[in-house]
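A.B. asks: Can you read through this structure? Questions will come right after.
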Amino acid sequence: MSEQLFDELGAGLDQSVERGDLPNPGAKPSEKGTPNDTDSHSYIWALRTRLADLGYLGENTGNRSSVSTDPAFMHAVKRFQRDVGELQDRWAGPVTWRVLQCLVSFEDMQEPRNWNLKVPLHESPAVARAAWLRLWVMGFFVDGRNARDADWQKSKLRFNARIEAGAIAGSDAFRSAFARFWEFARRLGLLAAELPAVPQLNHECLAVLFNYDAIVRKLASAGKPGSSKTLLRDFHEQIDDFREQVEAIARIELWLLGYDCAPGPPRMGKKRRIGAREVGAVPTQLSVVTGEFWHDFSNRPDGVPPDRISPALFAEFGRLLDEKEVEARDADQVVRKVNEILAQEKERDTEEFFFVKVFRNLASSIWDGVKRLAKFLWRVIRGAVSAVTNLVRNLARYIASEAREFFYIVVRAVDAVQGGVDYLRNSIHPKKLPTSVVFSRRAGFDHAMLVDSSAARVTDTPAFTSYRHQARCYCAGCVVLGELVGMLGSVARLATGALAGPLLWLRTLLALGRFRAGIERVKEALALLKDEKNYSVSGTAAGALMLTDVA
Amino acid sequence: MGVFQNAFKSIGEAIEDASSLDVVTFKGSIEGELNTDDLPDDFTKVISRAKGNTNVRVKLLASTQVKLDGDVLAYFDTGITPEEASAHAELVSLAQKTREATIEFVRRVVDMKDIG
Numbered sequence: 186m187s188e189q190l191f192d193e194l195g196a197g198l199d200q201s202v203e204r205g206d207l208p209n210p211g212a213k214p215s216e217k218g219t220p221n222d223t224d225s226h227s228y229i230w231a232l233r234t235r236l237a238d239l240g241y242l243g244e245n246t247g248n249r250s251s252v253s254t255d256p257a258f259m260h261a262v263k264r265f266q267r268d269v270g271e272l273q274d275r276w277a278g279p280v281t282w283r284v285l286q287c288l289v290s291f292e293d294m295q296e297p298r299n300w301n302l303k304v305p306l307h308e309s310p311a312v313a314r315a316a317w318l319r320l321w322v323m324g325f326f327v328d329g330r331n332a333r334d335a336d337w338q339k340s341k342l343r344f345n346a347r348i349e350a351g352a353i354a355g356s357d358a359f360r361s362a363f364a365r366f367w368e369f370a371r372r373l374g375l376l377a378a379e380l381p382a383v384p385q386l387n388h389e390c391l392a393v394l395f396n397y398d399a400i401v402r403k404l405a406s407a408g409k410p411g412s413s414k415t416l417l418r419d420f421h422e423q424i425d426d427f428r429e430q431v432e433a434i435a436r437i438e439l440w441l442l443g444y445d446c447a448p449g450p451p452r453m454g455k456k457r458r459i460g461a462r463e464v465g466a467v468p469t470q471l472s473v474v475t476g477e478f479w480h481d482f483s484n485r486p487d488g489v490p491p492d493r494i495s496p497a498l499f500a501e502f503g504r505l506l507d508e509k510e511v512e513a514r515d516a517d518q519v520v521r522k523v524n525e526i527l528a529q530e531k532e533r534d535t536e537e538f539f540f541v542k543v544f545r546n547l548a549s550s551i552w553d554g555v556k557r558l559a560k561f562l563w564r565v566i567r568g569a570v571s572a573v574t575n576l577v578r579n580l581a582r583y584i585a586s587e588a589r590e591f592f593y594i595v596v597r598a599v600d601a602v603q604g605g606v607d608y609l610r611n612s613i614h615p616k617k618l619p620t621s622v623v624f625s626r627r628a629g630f631d632h633a634m635l636v637d638s639s640a641a642r643v644t645d646t647p648a649f650t651s652y653r654h655q656a657r658c659y660c661a662g663c664v665v666l667g668e669l670v671g672m673l674g675s676v677a678r679l680a681t682g683a684l685a686g687p688l689l690w691l692r693t694l695l696a697l698g699r700f701r702a703g704i705e706r707v708k709e710a711l712a713l714l715k716d717e718k719n720y721s722v723s724g725t726a727a728g729a730l731m732l733t734d735v736a
Numbered sequence: 003m004g005v006f007q008n009a010f011k012s013i014g015e016a017i018e019d020a021s022s023l024d025v026v027t028f029k030g031s032i033e034g035e036l037n038t039d040d041l042p043d044d045f046t047k048v049i050s051r052a053k054g055n056t057n058v059r060v061k062l063l064a065s066t067q068v069k070l071d072g073d074v075l076a077y078f079d080t081g082i083t084p085e086e087a088s089a090h091a092e093l094v095s096l097a098q099k100t101r102e103a104t105i106e107f108v109r110r111v112v113d114m115k116d117i118g
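This is the structure:
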């Protein structure tokens, strides 16, 4: 790939990040407002809830309360994305969330034209499911007068329901519910003249269905102070014919206002107890919450029951709705102001950012330098330790080798001295008979030798050979003793400090050198003995001074 | 008297008689001459006993005298064999080496200035 292609790819990815289609890999986890917020548990939980409402996930506690991205969840996300024509990347980013919120929410994007789906509305199974859900939550799947909880439950959008838009739209239950809503909207005056008599899954009809605020405002108009009696009568008629639906809408509105009232089927309220005994009939959740609402908003007109649906209640809903719009407009202004401030802050922070970047790079460079220096020092120390270790090891080997050699020298020297002493001690050699040669040594090393008449090869006889060995031992022993006396003298001088002075170290080295030279002379003297055949020092021989064999 | 004491006494006697070195080689019958297991300490006794025994003849084969100034006085019998002459010569060499070693040892012990 060329560099240009890489640039284009990078630019495209950056645009995707800016649009929110991809997570920002550089965003910090603590930063809010980044696409990475979609990784939070609350986001996954909200996704699961909405997908379950639309029937993309099975209706069970695990699917609603779990925050995991298990295969079923990922499959549901992918199927939803396919149904709304979005990218099927199995990552539910801001685009997927926006579409999901448009289809499910009662507050956001109530105009289907603004949903900007990539598929026609009537072809999207997700839109059909959203319409079904909307009709079901507002109670149009049940009869307005004799609704039972079972009627609600049997019409609930199921996980295994057919997902094709045409199948849903062609369902008798769906068509009946939609027609019932259409009649309800007609009575409220929500239907324009050009709208068809039979509702369809198109922009116009869905705009009526999903325009929740318009429905609430229409219901609120009858209860506004000063409204005509006609409107009030119409409202009561609607209440009579669509009681279940109006109550469902009231539940939705109260839920949106934050009260403990779930949209959808009616639920029973908490039982009132005095001690252990129940008192009275069990109220519905709606009646309880309505009472709480009137308790919070104390402008309830006289004669309006606090626990029932009334025009005054919807009039109050309408008033709050208008206030919310004002608040929303204020919020828009606040957001714009905040954006302006943020832009100014960003410009101001540019210079600071520059310095921060410079210092960060500087710190990074220093840290890299420190790490490299530490590595260099570590290599030097390791190399020095290795070198010293090898040096000590080789030195130890050398010392051991030298010590072994010196020890053998000492052993041979002792043997030589011993032989020399025997040479001096015996003036007649040998002392035992029989022998072919007899030697006599007098003072001054004068010698006399008596050779037996029958002796042959006199120099090879055992007596001559042993006498020769003793004579050599004597010569070597004289050298050994002479050098030993010299060494002892050197040691004595070193020990007594006779060599002390400014050149002590030099004299010490000279003494050691002479010490070494003396040992070499001893070795040379002993080498004369090694010339003899079969000469060896035996540590096991009788009278041996050193218990060591030296070949 | 210890071993080294005797040895050093012998060395001292050798130094005293270091003016010349005499090496004499005889030939005779040792079995007939020495009929005891232990030989006498003095070789002169051996010779005198050999001379006293009329049944044994001891013959002088060779005699060598080396003077301190290097003069050498040698005698060899005409009947000496080469092997006997070689043995006499090696004995002369051994005697010289031992005497030189002795003198060198004494010199080192006495003159220790060059040691340390």
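One line per chain: the protein sequences are A and B, in this order. The first sequence: position 90 = 275 (the numbering used here), numbered continuously. The second sequence: position 31 = 33 (the numbering used here), numbered continuously. Note that CB positions come from ideal geometry on N, CA and C, so glycine has one too.
Please classify LYS263/A as buried or exposed, where buried requires at least 16 other C-beta atoms within 10 Å of its C-beta.
C.D. replies: LYS263/A is buried by the Cβ-count criterion.
A.B. asks: Considering GLY674/A, what are the terminal residues of the alpha helix (DSSP H) in which it resides?
C.D. replies: Per DSSP, GLY674/A belongs to the alpha helix (DSSP H) from 647-681.
A.B. asks: Compute the distance between the beta-carbons of CYS658/A and GLY605/A, then report whether it is under 7 Å.
C.D. replies: Result yes, Cβ atoms of CYS658/A and GLY605/A sit closer than 7 Å.
A.B. asks: DSSP three-state call for LYS61/B: helix, strand or coil?
C.D. replies: DSSP places LYS61/B in strand when its eight states are reduced to three.
A.B. asks: Chain A partners of ASP24/B, CB-CB under 7 Å?
C.D. replies: In chain order: ASP631.
A.B. asks: Expressed to the nearest angstrom, what Euclidean distance is found between the alpha-carbon atoms of PHE325/A and SER227/A?
C.D. replies: Rounded to the nearest angstrom, the two C-alpha atoms are 31 Å apart.
A.B. asks: Buried or exposed: ARG109/B, going by 16 or more other Cβ atoms within 10 Å of its Cβ?
C.D. replies: ARG109/B should be labelled exposed.
A.B. asks: For SER31/B and chain A, any beta-carbon pair shorter than 7 Å?
C.D. replies: Yes, SER31/B lies at the interface with chain A (some Cβ there is under 7 Å from its Cβ).
A.B. asks: Pick from PRO615/A, ASN579/A, LEU498/A, VAL327/A: whose alpha carbon is nearest that of ARG402/A?
C.D. replies: Measuring from the Cα of ARG402/A, the nearest candidate turns out to be LEU498/A.
A.B. asks: Taking one C-beta from the segment 81-101 of chain B and one from the segment 643-652 of chain A each time, how about it: are there three or more such pairs within less than 8 Å?
C.D. replies: Touching, per the Cβ criterion.
A.B. asks: Should VAL111/B be flagged as near chain A, meaning a C-beta pair shorter than 7 Å?
C.D. replies: Yes, VAL111/B lies at the interface with chain A (some Cβ there is under 7 Å from its Cβ).
A.B. asks: According to DSSP, is PHE540/A helix, strand or coil?
C.D. replies: The answer is helix: DSSP assigns PHE540/A an H, G or I state.
A.B. asks: Below 7 Å between beta carbons: does that hold for THR66/B and ALA76/B?
C.D. replies: Yes, these two residues count as a Cβ contact at 7 Å.
A.B. asks: Counting along the chain, where does the beta strand (DSSP E) carrying TYR444/A start and finish?
C.D. replies: Premise fails: TYR444/A is in no beta strand (DSSP E) and is neither H nor E.
A.B. asks: Is it right to say ASP487/A is buried, meaning 16 or more other beta carbons lie within 10 angstroms of its own, or is it exposed?
C.D. replies: Answer is exposed; the Cβ neighbour count stays below 16.
A.B. asks: So for THR83/B, helix, strand or coil by DSSP?
C.D. replies: Here THR83/B sits in coil by DSSP.
A.B. asks: When you compare only the Cα positions, how much space is there between GLU438/A and CYS446/A?
C.D. replies: Using only the alpha carbons, I get a separation of about 9 Å.
A.B. asks: Do TRP337/A and VAL327/A count as a contact pair if the criterion is CB distance below 7 Å?
C.D. replies: Cβ distance < 7 Å, so VAL327/A and TRP337/A count as in contact.
A.B. asks: Measuring only the C-alpha atoms, how far is GLY460/A from VAL473/A?
C.D. replies: At GLY460/A the pLDDT is 48, less than 50, meaning the model places this residue with poor confidence and gives no usable figure here.
A.B. asks: Pick out whichever of PHE630/A, SER621/A, GLU379/A, LEU669/A has its Cα sitting closest to the Cα of SER31/B.
C.D. replies: Nearest C-alpha to SER31/B: SER621/A.
A.B. asks: Might you give, ordered along the chain, the residues of its own chain that have their beta carbon closer than 6 Å to the beta carbon of LEU376/A, omitting 5 neighbours on each side?
C.D. replies: Within the same chain, LEU376/A has close Cβ partners ALA370.
A.B. asks: Identify whether ARG314/A lies in helix, strand or coil by the three-state DSSP scheme.
C.D. replies: If DSSP states are grouped into helix, strand and coil, ARG314/A belongs with the helices.
A.B. asks: On the premise that ASP238/A lies in contact with VAL289/A, defined as a C-beta separation below 8 Å, what is that separation, rounded to the nearest angstrom?
C.D. replies: That pair is a contact at about 6 Å.
A.B. asks: Do you know offhand how far PRO448/A's Cα is from ARG545/A's?
C.D. replies: Using only the alpha carbons, I get a separation of about 53 Å.
A.B. asks: Is the beta carbon of TYR444/A closer than 7 Å to that of PHE291/A?
C.D. replies: Their beta carbons are not under 7 Å apart, which means PHE291/A does not touch TYR444/A by this criterion.
A.B. asks: Do you know offhand how far PHE746/A's Cα is from ALA315/A's?
C.D. replies: There is no way to answer for residue 746/A, as the model of chain A reaches only from 186 to 736.
A.B. asks: What residues in its chain sit with their C-beta under 8 Å from that of ARG493/A, if we drop five residues either side in the sequence?
C.D. replies: Excluding sequence neighbours, ARG493/A sits near SER472, THR475.
A.B. asks: Can you list the residues of chain A that LEU93/B reaches, using a CB-CB cut of under 8 Å?
C.D. replies: The contacting residues are PHE624, HIS632, MET634.
A.B. asks: Could you pull out every residue in the same chain whose Cβ sits closer than 7 Å to the Cβ of PHE482/A, ignoring the five residues on either side in sequence?
C.D. replies: Once the five neighbours on either side are set aside, the close Cβ partners of PHE482/A are GLU501.
A.B. asks: Taking C-beta pairs closer than 8 Å, name the residues in chain B that ARG653/A reaches, listed in chain order.
C.D. replies: Per Cβ cutoff of 8 Å: GLU92, LEU96.
A.B. asks: Which two residues bound the contiguous alpha helix (DSSP H) that contains ASP357/A?
C.D. replies: Where ASP357/A is concerned, the enclosing alpha helix (DSSP H) stretches over 357-373.
A.B. asks: Excluding five sequence neighbours on each side, which residues of the same chain lie with their C-beta closer than 6 Å to the C-beta of TRP367/A?
C.D. replies: Hits under 6 Å: PRO384.
A.B. asks: Near SER586/A, which residues of its chain fall below 7 Å by C-beta distance, leaving aside the five closest residues on each side in sequence?
C.D. replies: No residues qualify anywhere along the chain.
A.B. asks: For chain C, find out if any of its Cβ atoms is closer than 7 Å to the Cβ of THR80/B; answer yes or no.
C.D. replies: Absence of chain C from the displayed structure is noted, the protein chains being A and B.
A.B. asks: In the DSSP assignment, the beta strand (DSSP E) including THR27/B goes from what residue to what residue?
C.D. replies: THR27/B -> beta strand (DSSP E) spans 22-30.
A.B. asks: Applying a beta-carbon distance threshold of less than 8 Å, which residues of chain A neighbour ALA76/B?
C.D. replies: Those within 8 Å of ALA76/B in chain A number zero; the least Cβ separation is about 14 Å.
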